[in-house]
Structure formats: C-alpha cells, structure tokens
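Student: Chains as they are written, first to last, in the numbering used here: chain A, 2 to 310; chain B, 2 to 310.
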C-alpha cells in the first residue's frame, strides 16, 4: 500500500486533471441526486509507459479498446450510466461502428451544398447516431481520456473516490490493459536515448498493484470486476483466482489473447463460469461483450440483494 | 549492409504483404506509362517493436503522423502522386481534418431519413471531401498501412524497388518515426512476460541503418529526404550532417521535439536553411509542412535539371 502512495507522490497529475475531475463530479452528483440507476466506471485501452522525460519513446500494448467500448455500449443498453475512462484515440462506444479509415469515401456533396452520408451506408450509421444521441440527451455517458500509466492511475483513483459515496450503486469494470512495468521518473533519462550509444538496456520496475488500495480504500462497497489476460492457457485460472484471493473483490474475467473475442471465463470465490460464442453467433456478428454484460447484470442484482439483507 | 540482409531474413513479411505490393506495382505502372508527374513515397507515423512473440506489449513512439499526413496533402496540392505508407490508425491526408473524437456529434438524421453533417460544420468538411475525392478520381493517392518495425521495413524495401525504374521521378520523404532499437525474434519470449517474476530487464539491439541500403541499392537515382528528430538542440545539426555524410542522400530535415511544428532546418551538403513560421502564420493556422514541401519542390526541380545536364 505504501508503494501505491509512493507512486502517486512521484507521478505528476495529467494535463487537464482538475477539469476532468470537475466533470466527473458533476456527472456523479446529477446521478446521485436525481436518478436511481447504477453507474459503471468502464476503463478501456492500453496505458503508455514513457522511457524518456521528454518522451519520444514509450512502452504500449496491443489494446485498442474493443472490449471496453463494446461493453460500455451494452451497459448503456441495460439502462446504466457509464463513465468511459479510455485511452485517447482508442475505440469509443457507438463511434467504433463508423468506418475509421475511409470515412471520406462515404461522404458526398449534394447539389444544394449539403454534406450527406451515402445512402448505402446511411441506414447502419443512422442507427448508431440515434443510439448515441439518445444516450447523450439522457446524460448517461461521460467520456474521459488518458494516455500514460500515470494519467490513468490518477484518474482511476480520483473517479473511484468520487464514486465511493454511491456505495453499491457503483460498478467498476476494469477492462483497460494497464502496464505491469514502468520506469520511475527519477530513473528516466531526460533526453531522447541515442542509438549511437549502442544496444539499449532497460530496467523496468513493477507497477504497484492498485487493486488492493481500490478495494480497501477508494471504493469500499462497489461491485468490482477486473480482467486477467494471458497468452498461456495453463496459467489463466490460477492467476485469476490468485487476484481474487489477494484483493477480495467480486469477479475476475479471464481471457486468452487468441480466443478472447469468443471465449471468456468468469471466476468468483464460488466457482467458474465459461461464456462462449457458438459458431452461429460468430457468423451473425454477435459480440461476446453482450453476454458478459448480461451475466454481470444478473450477478450484480444478486450482489445488491444480498447486501441489503 | 550484411546486417540489413540479416534483419530481413529473420523478420517475417507483414500480413497481406503480397496484396499491398500488387497495389503499389499497379499504381506505379499506371504512373510510369501514362503520366509525367513525380511520385513521392511519404512514410508516416511510428513503428512498433514487439517485446513478446505472442505480442501483448511493444515499444512505440509519440508520432501520430501529423508531419507525414500534412506533407502528403501539400505534395498532392503540387500535383504530385503520393504513396502514403503510414502506421495503421495514424493520421491520414484529408481525413485528418475530420473531428476524430466527436464525429457522432456532427451527424444528424433528417426528416427524410438521410444522414447529414450539421450545417455549421458542413462547409469546412465539404472542402476536404472535395479535395479528397478529386485526388482519388485522378488516381494520385495510394494508402498503404503498417504496424511493426518489420512490417514497415519490408514495405519500404518493396516500394523502393518498385519505384527504382522511375529513376529521378521518384522522391522519398521519410517522415515515419522508425525505432532505433528492437528485439530480434530469436531473443524474444514466446508468451506474455509475467510480472510475478519481478522487475523487467530488456535488452534491445540496434536496428540496422537501412538508409545505406536504400540509397545505394534500392533506389539509386531518386531524390531522398530523411528526418532527424532530437530533444537536445545542441545535437541536431551535427547528427543531421553525420547522416548526410554517411549515406550520401540529398536532404536531412532536422527538428526538435518541442518546436517541430514551427521550426525546422534543411541540411544539405552545401549548407543549412532554416524554415520557420512567424507568429502571424501560427495564429492563422498555417502549417509548416506547406513551406517544407514548397522548399523541397524547388530543390527537387534543381536536382532534376542538374542531373539532366
């Protein structure tokens, strides 16, 4: 725990930190006083780990936020409110359905000068626009972005503390792929590392495990879901159970890099439940996140009932 | 040079390599036979360096392709053809002007069901759409993407070889931020590195300097422009001149991380020329790439004249 405190003391707050906290505060205040729906903090995308003070290079990971952005949509479909804490430029709920690379190909200029989406694309995109606008009108989605590991952890702590007074109405869905390793500021070179110095030796330290502080101090009553990603299937369940025992939160979702889009396992203190897409569902374009979120909603409702007895 | 050959032997071709090469071949064939305009290969964005065989983590750099995508547009404005070899999901010419994050906010559904860009945004975006569609109609822009260092170098070599028969009609504008360090495949762990093993020591080797092979073997008559980015101003000119002397190409554009958007220096065998934006230009939103490209066009025309004498 002392390590977590030390990390925050040594790592500066991200740019625009106060403005972001104010927005999160306002969002939660509105929901605390006026409504009775759960608020899910969905974290999404990878964190960067700078290798230099004037950062040119950093360590990153493959995540582009597919799991987080899809899950956020399905939580919104369930009527929940969502704070979407995501890596800048990663996928966002609803916007992820737009063609990312060839957007200009689908826009055409009308004779009256208006700019219109081509008819053949229009129907699919209109549905997305409609869902997005309705969620925004209802004030149920807040987008907050981060880039580095330090940015992410500062925002995670701040948001958790803001959510804490909501008690069990708060859900944490930690889908962001957070780095396990980093270089502390005081051990980082100031300038770009020169290739003329020859091969590069990097020493990275372990990032303190924040889940302990999160569960025990920042968000004591919330329903907390973490993820465990492995490439070696033999390690998965053991590592998931280890996290659960160590931190005492509610659910670990285990997944393997190569099969994560159609197979996950929900690991709790009481057992394991596998969630899979069958081949028909895969062909039909069903996303596994719809099943994951449905499963969590059932578990969460039970959790709330048990807590109120 | 043996190191470069060794790198290619050990690094597998990127996914879809042959399809990409076929497209580049076709694009160059059309231009070789039918037109008499220069073809610029613009490289853009950063390369990733995987740390694991089943890649979860990689080293990346801060580049999102601002320099490359803006420059590509200005080369197109000059009437040139452009092969835009860019990092997947980085900025692209024309598309970079679209609002990246709040695109759904500017789309609205009309009473007749059509999807339209809001009037207040429409005019600016229509101009971009018009420029993009006209360039595509004229077949002057080819987009090719890459992700890792290996992908990039395989595509750079292939494209250079395809361009070689064009002689001095080919221009290389190497704006991509290519990693100086990598971990060879045979020294990479297969599975995700476990944090339970404690702090992480990484040993990265130097990426062979490909510019030598490029200038001497792949593209012998082309006009070649490379970039040098530093964070320490004291090193910049020396490093730029060093590259020029070593590889014998035409131009190095030097820039400093913090001032790169309004100041660069063009370094050649004959001297240095500074290009800057004044405060009026910065306020007016002028991009330095328009000046860089104009400057290169003048230099390139002179280069062609000299070569033909």
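Cβ coordinates follow ideal geometry from the N, Cα and C atoms, glycine included.
Given that residue 117 (chain B) touches chain A, what residues does it touch there, using C-beta distances under 8 Å?
Tutor: By one-based count along the second chain, residue 117 (chain B) stands at place 116. 115, 116, 117, 118, listed in chain order.
Student: Using the beta-carbon of each residue, which ones in chain A are nearer than 7 Å to residue 192 (chain B)?
Tutor: Here residue 192 (chain B) refers to the residue found at position 191 when the second chain is read from its first residue. 232, 233, listed in chain order.
Student: Short check: CB of residue 67 (chain B) to CB of residue 193 (chain A), under 7 Å?
Tutor: As a working note, residue 67 (chain B) is residue 66 in the second chain. As a working note, residue 193 (chain A) is residue 192 in the first chain. No, the Cβ-Cβ distance between residue 67 (chain B) and residue 193 (chain A) is not below 7 Å.
Student: Rounded to the nearest angstrom, how far is the Cβ of residue 206 (chain B) from that of residue 224 (chain B), given a contact under 8 Å?
Tutor: Numbered from its first residue, the second chain carries residue 206 (chain B) at position 205. Numbered from its first residue, the second chain carries residue 224 (chain B) at position 223. Contact doesn't hold; Cβ gap of about 31 Å is too wide.
Student: For the alpha helix (DSSP H) that contains residue 19 (chain A), what are its first and last residues?
Tutor: As a position in the first chain, residue 19 (chain A) is number 18, starting the count at 1. It spans 18–35 - the alpha helix (DSSP H) in which residue 19 (chain A) sits, taken as one unbroken run.
Student: Have a look at residue 118 (chain A) and residue 198 (chain B) and give me their C-alpha separation to the nearest angstrom.
Tutor: Residue 118 (chain A) sits at position 117 when you count from the first residue of the first chain. Residue 198 (chain B) sits at position 197 when you count from the first residue of the second chain. Looking at the two C-alpha atoms, the distance is approximately 52 Å.
Student: Going by DSSP, name the residue or residues bridged to residue 171 (chain A).
Tutor: What you label residue 171 (chain A) is simply residue 170 of the first chain in a count that begins at 1. Per DSSP, A:40.
Student: When DSSP builds the beta bridges, which residues end up paired with residue 51 (chain A)?
Tutor: Indexing the first chain from 1 puts residue 51 (chain A) at position 50. Per DSSP, A:59.
Student: What first and last residue would you give for the alpha helix (DSSP H) that runs through residue 137 (chain B)?
Tutor: The count along the second chain starts at 1 and reaches residue 137 (chain B) at position 136. First-last of the alpha helix (DSSP H) with residue 137 (chain B): 120–138.
Student: If contact means a Cβ-Cβ distance below 9 Å, which residues of the stretch 177–204 of chain B contact chain A?
Tutor: Answer set for the stretch 177–204 of chain B: 178, 180, 181, 182, 191, 192, 193, 194, 195, 196, 197, 199, 200, 201, 202, 203, 204.
Student: Going straight from the alpha carbon of residue 175 (chain B) to that of residue 133 (chain A), what length do you get?
Tutor: By 1-based counting over the second chain, the position of residue 175 (chain B) is 174. By 1-based counting over the first chain, the position of residue 133 (chain A) is 132. When rounded, the distance between both Cα atoms is 40 Å.
Student: Which same chain residues end up closer than 6 Å to residue 89 (chain A) when comparing Cβ atoms and leaving out the 5 residues on each side of it in sequence?
Tutor: As a position in the first chain, residue 89 (chain A) is number 88, starting the count at 1. Result list for residue 89 (chain A): 146, 148, in chain order.
Student: Along the beta strand (DSSP E) that carries residue 95 (chain B), what are the first and last residues, could you check?
Tutor: Counting from 1 along the second chain, the entry for residue 95 (chain B) is found at position 94. Taken as a continuous stretch (DSSP letters only), residue 95 (chain B) belongs to no beta strand (DSSP E), as it is neither H nor E.
Student: Would residue 157 (chain B) pass as a contact of residue 180 (chain B) if the rule is Cβ separation under 7 Å?
Tutor: Within the second chain, the letter at position 156 stands for residue 157 (chain B). Within the second chain, the letter at position 179 stands for residue 180 (chain B). Cβ atoms of residue 157 (chain B) and residue 180 (chain B): not closer than 7 Å.
Student: Below 8 Å CB to CB, which residues in the same chain sit around residue 108 (chain B) once its five sequence neighbours on both sides are set aside?
Tutor: As a working note, residue 108 (chain B) is residue 107 in the second chain. Closer than 8 Å at the Cβ level, and outside the excluded window around residue 108 (chain B), lie 116, 117, 118, 119.
Student: Taking residue 199 (chain A) as part of the alpha helix (DSSP H), name the residues at either end of that continuous run.
Tutor: Here residue 199 (chain A) corresponds to residue number 198 of the first chain, with the count starting at 1. Counting along the chain, residue 199 (chain A) falls outside any alpha helix (DSSP H), and DSSP gives it neither H nor E.
Student: I'd like to check one pair, residue 70 (chain B) with residue 47 (chain B): are the Cβ atoms closer than 7 Å?
Tutor: Along the second chain, one-based indexing puts residue 47 (chain B) at 46. Along the second chain, one-based indexing puts residue 70 (chain B) at 69. Contact flag unset, no.
Student: Could you check the C-alpha separation between residue 35 (chain A) and residue 95 (chain B) for me, to the nearest Å?
Tutor: Translated into the one-based positions of the first chain, residue 35 (chain A) becomes position 34. Translated into the one-based positions of the second chain, residue 95 (chain B) becomes position 94. So the alpha carbons of these two residues sit roughly 44 Å apart.
Student: Inspect the CB distances between the stretch 235–251 of chain B and the stretch 265–284 of chain B and report whether three or more fall short of 8 Å.
Tutor: Cβ pair count under 8 Å is three or more, so yes.
Student: With C-beta atoms as the reference, is residue 214 (chain B) less than 7 Å away from residue 5 (chain B)?
Tutor: The residue given as residue 214 (chain B) occupies position 213 in the second chain. The residue given as residue 5 (chain B) occupies position 4 in the second chain. Yes; because the gap between Cβ atoms is below 7 Å, this pair is in contact.
Student: Using a Cβ distance threshold of 8 Å, determine whether the stretch 39–59 of chain B contacts the stretch 50–65 of chain A, with at least three qualifying pairs required.
Tutor: A contact exists between the stretch 39–59 of chain B and the stretch 50–65 of chain A.
Student: Distance, Cα to Cα, residue 103 (chain B) vs residue 136 (chain B)?
Tutor: As a working mapping, residue 103 (chain B) is identified with position 102 in the second chain. As a working mapping, residue 136 (chain B) is identified with position 135 in the second chain. Distance between the alpha carbons of residue 103 (chain B) and residue 136 (chain B) is about 26 Å.
Student: When the cut-off is 7 Å and only beta carbons count, does residue 68 (chain B) lie next to chain A?
Tutor: As a position in the second chain, residue 68 (chain B) is number 67, starting the count at 1. Taking Cβ atoms only, chain A never reaches closer than 7 Å to residue 68 (chain B), which makes this a no.
Student: On the three-pair Cβ rule with 8 Å, is the stretch 75–93 of chain A touching the stretch 76–85 of chain B?
Tutor: With a cut-off of 8 Å, the stretch 76–85 of chain B and the stretch 75–93 of chain A do not count as touching, because too few Cβ pairs lie within range.
Student: With DSSP as the reference, label residue 189 (chain B) as helix, strand or coil.
Tutor: Your numbering for residue 189 (chain B) matches position 188 in the second chain. Note: residue 189 (chain B) maps to coil in three-state DSSP.
Student: Should residue 202 (chain A) be labelled buried (16 or more other beta-carbon atoms within 10 Å of its own) or exposed?
Tutor: Counting from one through the first chain, the residue named residue 202 (chain A) turns up at place 201. Exposed is the call here.
Student: What residues in the stretch 51–80 of chain A bring their beta carbon closer than 8 Å to a beta carbon of chain B?
Tutor: Cβ contacts with chain B come from 52, 53, 55, 56, 57, 58, 59, 60, 61, 62, 63, 65.
Student: Please classify residue 204 (chain B) as buried or exposed, where buried requires at least 16 neighbouring CB atoms within 10 angstroms.
Tutor: Within the second chain, the letter at position 203 stands for residue 204 (chain B). Counting Cβ neighbours within 10 Å, residue 204 (chain B) comes out exposed, since fewer than 16 surround it.
Student: Specify, as a first and last residue, the run of the alpha helix (DSSP H) that residue 10 (chain B) falls within.
Tutor: Indexing the second chain from 1 puts residue 10 (chain B) at position 9. Here the alpha helix (DSSP H) through residue 10 (chain B) covers 3–11.
Student: Using a cut-off of 7 Å between C-beta atoms, extract the partners of residue 133 (chain B) located in chain A.
Tutor: Working through the second chain from its first residue, we reach residue 133 (chain B) at position 132. Neighbours of residue 133 (chain B) on chain A, chain order: 105.
Student: Alpha carbon to alpha carbon, what distance is there between residue 229 (chain A) and residue 166 (chain A)?
Tutor: For the purposes of this step, residue 166 (chain A) is identified with residue 165 of the first chain, where counting begins at 1. For the purposes of this step, residue 229 (chain A) is identified with residue 228 of the first chain, where counting begins at 1. Computed Cα separation, rounded: 28 Å.
Student: Using the DSSP secondary-structure output, state which residues sit across from residue 267 (chain A) in a beta bridge.
Tutor: As a first step, residue 267 (chain A) is located in the first chain; it is residue number 266 there, counting from the start. According to DSSP, residue 267 (chain A) bridges with A:254, A:274.
Student: Which whole runs of the beta strand (DSSP E) in the stretch 194–250 of chain B are 3 residues long or more, in chain order?
Tutor: Whole beta strand (DSSP E) segments, 3+ residues: 201–207, 224–231.
Student: Name the residue from A:99, A:126, A:222 whose alpha carbon lies nearest to the alpha carbon of residue 110 (chain B).
Tutor: Mapped onto the second chain, residue 110 (chain B) falls at position 109. Among A:99, A:126, A:222, the Cα nearest to that of residue 110 (chain B) belongs to A:126.
Student: Following the continuous beta strand (DSSP E) through residue 146 (chain A), name the residue where it begins and the one where it ends.
Tutor: In the first chain, counting from the first residue as 1, residue 146 (chain A) sits at position 145. Where residue 146 (chain A) is concerned, the enclosing beta strand (DSSP E) stretches over 142–147.
Student: What does a CB cutoff of less than 7 Å around residue 308 (chain B) pick up in its chain, not counting 5 residues either side in sequence?
Tutor: Along the second chain, one-based indexing puts residue 308 (chain B) at 307. Closer than 7 Å at the Cβ level, and outside the excluded window around residue 308 (chain B), lie 169.
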